[in-house]
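**Q** Just so you know, we're using my numbering here: the sequence shown kicks off at 337 and counts up by one.
Below: one structure in structure tokens.
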Amino acid sequence: MSLTKNDKKIADISTYNTFKVFEDIYNKEGDDSPSWEMTLPKRNKKSSFWASFLIFVFILSVFGVGFYPSLSYLLKTPYPILVMTEDSMWPVIERDDLVLVRGLISKEEIKTNDLVVFKQKEKENDNLAVQRVVDVDREDGQVIVRGETDNSLNVSITASQVVGKVLGEENPVKVPLIGKFIGYLARR
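Structure follows, in structure tokens:
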């Protein structure tokens, strides 16, 4: 019985030592390492640095983009973090401290001695400020606030200007170093 060309190819393939293929690929001449060990290819250090840097920036941006909306949802406010731009609350909160802000469910939550975050004017894009509540007039909807420094004056605002309370009543939750970095970038 004679084998056809196709049958010979099949017979050659089925009897070929597949381990030999890997030996041929990975065990080069003069290489004393065992044939089953694989070595990583040499990397270009410059391109490796940039690839690592881009991956780091990507992860940081994904975290940053996802972090703010998540924090906004958890604290129930569109302004979950705020960097103090003035010294009106010193020594409780210093300039460039980053504070966490909790939103208000109702204006009835505003009480005397609360640290509130409010819009300085009733326009949409005016600055936010943090001050302590001195008095609340529920009939007129007025809130009297004052800073912690000696030269601070009482300011009357409407309850609708209040956007939230600083997280932590007596000891506010603050992140000083990140706030200093953000404050530095904002002033440049």
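For every residue, glycine included, the Cβ atom is placed at its ideal position computed from N, Cα and C.
For clarity, every value in this text was computed on a predicted model and none was experimentally measured.
Measure the C-alpha to C-alpha separation of leucine 451 and valine 398 and round it to an integer number of angstroms.
**A** 32 Å
**Q** Isoleucine 391 to tyrosine 404, Cα distance in whole Å?
**A** 20 Å
**Q** Among Ser383, Phe385 and Val437, whose alpha-carbon lies nearest the alpha-carbon of leucine 407?
**A** Per the Cα distances, Val437.
**Q** Going by Cα to Cα distance, which pick from Val498, Val393 and Gln456 is closest to serine 442?
**A** Minimum Cα distance to serine 442 is reached at Val498.
**Q** With a Cβ-Cβ cutoff of 8 Å, do valine 428 and glycine 500 count as a contact?
**A** no
**Q** Work out the CA separation of threonine 448 and asparagine 490 for me, nearest whole Å.
**A** 13 Å
**Q** Which same chain residues end up closer than 7 Å to isoleucine 493 when comparing Cβ atoms and leaving out the 5 residues on each side of it in sequence?
**A** Phe454, Val479 and Val481
**Q** In the structure shown, what three-state DSSP assignment does valine 481 receive?
**A** strand
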